[in-house]
Amino acid sequence: MRMPRPSDAQKEAFRALVPEAGDVEVRPMFGQLAAFVAGNMFMALYGDQVTFKLDETSLAAAHARPDAGPFAPAGRTMRAYVALPLDAPGLDGLATQALAYVASLPPK
């Protein structure tokens, strides 16, 4: 299965969405971009979608959105993540929630 390739414009949109914090790092991963805090990924660009790692309550709420779906790279669902279109409304809040949740996890 081929991985989708984001355009330069999509990469810029993703970078603009990543919350600004001193310990946040954006780096390439498998031809995509991902944002990390303390070595843990909290959001990623996957083609024209953005994915967020969320706590169970926030994840359930995000999955209830009509534009949400599972994050399943190469057909393998990553259960702690939700995928949404990069142009969906309300992504700033999800990015902030994802950062807060993953920052609370043990560093890698």
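Take 1 as the starting number for the sequence shown in the UniProt record's numbering and just add one per residue.
The beta-carbon is built from N, C-alpha and C at its ideal position, and this holds for glycine as well.
In this text the structure is predicted, and so the values were computed from the model without any measurement.
For residue i, count neighbouring C-beta atoms within 10 Å of its own C-beta (all shown protein chains included) and say buried if the count is 16 or more, exposed if not.
i	result
Ala35	buried
Pro66	exposed
Ala62	buried
residue 112	Only positions 1 to 108 of the chain appear in the structure, and residue 112 is not among them; the question remains open.
For residue i, which of helix, strand or coil comes out of DSSP?
i	result
Gly93	helix
Arg79	coil
Lys11	helix
Leu84	strand
Glu20	coil
Ala103	helix
Leu54	coil
Can you round the beta-carbon distance between residue i and residue j to whole angstroms, since I take them to be within the 8 angstroms contact cut?
i	j	result
Leu84	Ala68	5 angstroms
Leu59	Val82	6 angstroms
For residue i and residue j, I'd like the C-alpha separation in whole angstroms.
i	j	result
Gly39	Pro28	13 angstroms
Arg76	Gly22	32 angstroms
residue 111	Ala80	Because the chain spans 1 through 108 in this model, residue 111 falls outside it and cannot be assessed.
Pro89	Val37	24 angstroms
Asp8	Leu86	13 angstroms
By Cβ distance, which residues of its chain are closer than 8 angstroms to residue i, with the 5 residues on each side in sequence left out?
i	result
Met3	Phe30, Gly31, Gln32, Tyr46, Gly47, Pro73, Ala74
Glu25	Ala35, Phe36, Val37
Please go through the same chain and pick out, in chain order, the residues whose beta-carbon is closer than 7 angstroms to the beta-carbon of residue i, but skip the five residues on each side of it.
i	result
Val102	Val37, Asn40, Phe42, Lys53
Pro19	Ala95, Thr96, Leu99
Leu91	Leu17, Val50, Leu84
Might you give, ordered along the chain, the residues of its own chain that have their beta carbon closer than 6 angstroms to the beta carbon of residue i, omitting 5 neighbours on each side?
i	result
Met78	Phe71
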